[in-house]
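Asker: Just passing along the structure, written as structure tokens.
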Amino acid sequence: MKKLIYWILCIIFLICLIYIFISAKNKYCYSYKSLDLTQMDSLKVQYAKKLIVDRAWEMYRPEPNSDYITDAVYLSKYDIKDMGMLIDMIKKSDRKKSFVENFNVIAGVKNRLEIFADGKNVKLPENYNGVSDEELKQYKQTTKHVYDILDPYITPKSTIIIVTYLGYGSAYAEVFPVSSMVFYKAQDFPKRKIRIVEGYFNRFIYADKIRNPKYILNLNYYDFREPLLCCDQYSIDEKLTENIKNLSESGNLNQNGERMDYFDYSVNLNQLNGANEQDNSFFRDNFPNYNHIYRKEEEISLAGKYRSIIEMQHDVGISLPIEFGIKVNACNFK
């Protein structure tokens with residue numbers, strides 16, 4: 009009995025030591041450890057890696073009952089640093105090319121199980137019914153370090169593009185230019201913005217819960233709808249096949265018996281800047297079917313481009329750009 013009590017006390021003492029160590033380390037990291045803000049590029053790359061890994065891991069092992077389904081995490085060689093550049097890329101995208109080609113994606117994770125970089129693909133083990141015991145074992149042993157293969161492709165001029173589906177199937181792209189990252193000392197950060205950071209529910213990056221941080225990371229990102237129907241050959245072809253089948257079965261008529269798939273070829277995409285309210289009205293007048301139920305690839309692609317550009321600025325749910333801050337744990341950085 010005495011030995012049992014002795015071991016219980018030892019375990020309690022050990023737990024207390026671990027708790028004290030963690031608390032002291034956290035207090036030091038949050039309040040005392042200094043970051044060299046002159047080495048901004050290094051900090052940006054480290055935080056970009058954290059963003060990529062967290063979202064890729066969320067895709068590989070998604071939370072149960074989540075309304076968000078991450079479909080791909082891309083790393084573009086382009087520095088998509090402002091709205092004008094993004095809109096121009098959407099306008100110039102070639103419907104006969106893939107999204108990866110149109111946005112100069114050089115590495116990333118797609119289809120949940122495939123990492124690609126420099127022309128090489130790495131297949132991750134599955135966790136479905138019917139997989140072998142060995143594959144299930146490999147799945148359980150897989151860690152976030154599997155994404156280290158992407159590290160050489162992350163630069164201060166890279167752009168992270170994450171394609172996500174909402175629960176009802178609507179796709180959108182989140183565009184994170186690494187160059188937009190700015191680190192501040194918390195004491196120099198506007199108090200109004202600190203309150204926003206403290207109240208911000210961050211689903212993008214699983215940041216530590218930090219009290220009284222010494223540093224704040226500020227970041228801009230951009231959202232746009234229908235990233236694949238505007239700019240991806242495979243998705244456009246798939247949508248066209250679906251449309252032809254549905255149109256032959258239902259006729260695609262509205263409540264007045266009028267066709268809904270007509271297309272106005274007088275539309276000039278180059279005159280669109282996405283900022284004017286009349287652009288929004290023009291889109292709704294000339295593209296009556298927001299689900300892109302059209303009979304030709306170019307119609308699906310063009311309607312997708314219009315919707316992507318216009319709804320950046322005129323949709324309540326998304327906007328461009330969006331600015332938010334993250335509390336920085338200095339211990340996360342080398």
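The working numbering applies: residue 9 is where the sequence shown begins, and numbers increase by one.
Cβ atoms here follow ideal geometry from the backbone N, Cα and C, with glycine treated the same way.
Computed from a predicted model, the values in this text were never measured in an experiment.
(1) Distance, Cα to Cα, Ile-308 vs Pro-235?
(2) Rounded to whole angstroms, what's the CA-CA distance from Pro-185 to Thr-167? Just pull it up for me.
(3) Would you kindly work out how many angstroms separate the C-alpha atoms of Arg-103 and Tyr-314, rounded to a whole number?
(4) Verify whether the separation of the beta carbon atoms of Asn-228 and Ser-187 is less than 7 Å.
(5) Run through DSSP, which three-state label would Ser-327 get?
(6) Identify the residues that DSSP records as bridge partners of Val-336: which are they?
(7) Per DSSP, which residues does Ala-115 bridge with? Please list them.
(8) Using DSSP with H/G/I as helix, E/B as strand and the rest coil, what is Asn-210?
(9) On a CA-only basis, which of Asp-141, Val-113, Tyr-155 and Asn-112 is nearest Leu-132? Give me that one, please.
(10) Helix, strand or coil for Phe-191 per DSSP?
(11) Quick one: grab the DSSP three-state call for Thr-172.
(12) Since I believe Ile-88 is in contact with Cys-238 (beta carbons under 8 Å), could you give me their beta-carbon distance rounded to a whole number of angstroms?
(13) Taking Phe-232 and Leu-51 to be in contact with their CB atoms under 8 Å, please state how far apart those CB atoms are, rounded to whole angstroms.
(14) Alpha carbon to alpha carbon, how far is Ile-401 from Glu-305?
(15) Please state if the CB of Tyr-82 and the CB of Val-113 are separated by a distance shorter than 7 Å.
Answerer: Straight from the coordinates:
(1) In the sequence shown, residue 308 corresponds to position 300, counting from 1. In the sequence shown, residue 235 corresponds to position 227, counting from 1. Distance between the alpha carbons of Ile-308 and Pro-235 is about 12 Å.
(2) The sequence position of residue 185 within the sequence shown is 177, counting from 1. The sequence position of residue 167 within the sequence shown is 159, counting from 1. When rounded, the distance between both Cα atoms is 4 Å.
(3) Stepping through the sequence shown from its first residue, residue 103 is reached at position 95. Stepping through the sequence shown from its first residue, residue 314 is reached at position 306. Straight-line Cα distance between these residues: approximately 14 Å.
(4) Locating residue 228 in the sequence shown gives position 220, counting from the first residue. Locating residue 187 in the sequence shown gives position 179, counting from the first residue. Against a cut-off of 7 Å, the Cβ pair of Ser-187 and Asn-228 comes out as no contact.
(5) Sequence index remark: in the sequence shown, residue 327 carries index 319 (1-based). In this predicted model, Ser-327 has a pLDDT of only 44, less than 50, meaning its place in the structure is not dependable; the value taken from the coordinates is given anyway. Coil.
(6) Translated into positions along the sequence shown, residue 336 becomes position 328. Its beta-bridge partners are Tyr-223.
(7) Residue 115 sits at position 107 when you count from the first residue of the sequence shown. Ala-115 is bridged to Leu-83 and Ala-125.
(8) Your numbering for residue 210 matches position 202 in the sequence shown. A caution first: Asn-210 carries a pLDDT of 47, below 50, which makes its placement in the model too unreliable to give a value.
(9) Taking the sequence shown and counting its residues from 1, one reaches residue 132 at position 124. Nearest C-alpha to Leu-132: Tyr-155.
(10) For the purposes of this step, residue 191 is taken as residue 183 along the sequence shown, with counting starting at 1. If DSSP states are grouped into helix, strand and coil, Phe-191 belongs with the strands.
(11) In the sequence shown, counting from the first residue as 1, residue 172 sits at position 164. Strand.
(12) Stepping through the sequence shown from its first residue, residue 238 is reached at position 230. Stepping through the sequence shown from its first residue, residue 88 is reached at position 80. Not quite, the Cβ-Cβ distance comes to about 15 Å (not below 8 Å), so this is no contact.
(13) Within the sequence shown, numbered from 1, the residue matching residue 232 stands at position 224. Within the sequence shown, numbered from 1, the residue matching residue 51 stands at position 43. In fact, because the Cβ distance is near 27 Å, the residues do not count as touching under 8 Å.
(14) Lying outside 9 to 342, the shown extent of the chain, residue 401 is not represented and no answer is given.
(15) Counting from 1 along the sequence shown, the entry for residue 113 is found at position 105. Counting from 1 along the sequence shown, the entry for residue 82 is found at position 74. Yes, they are a contact pair.
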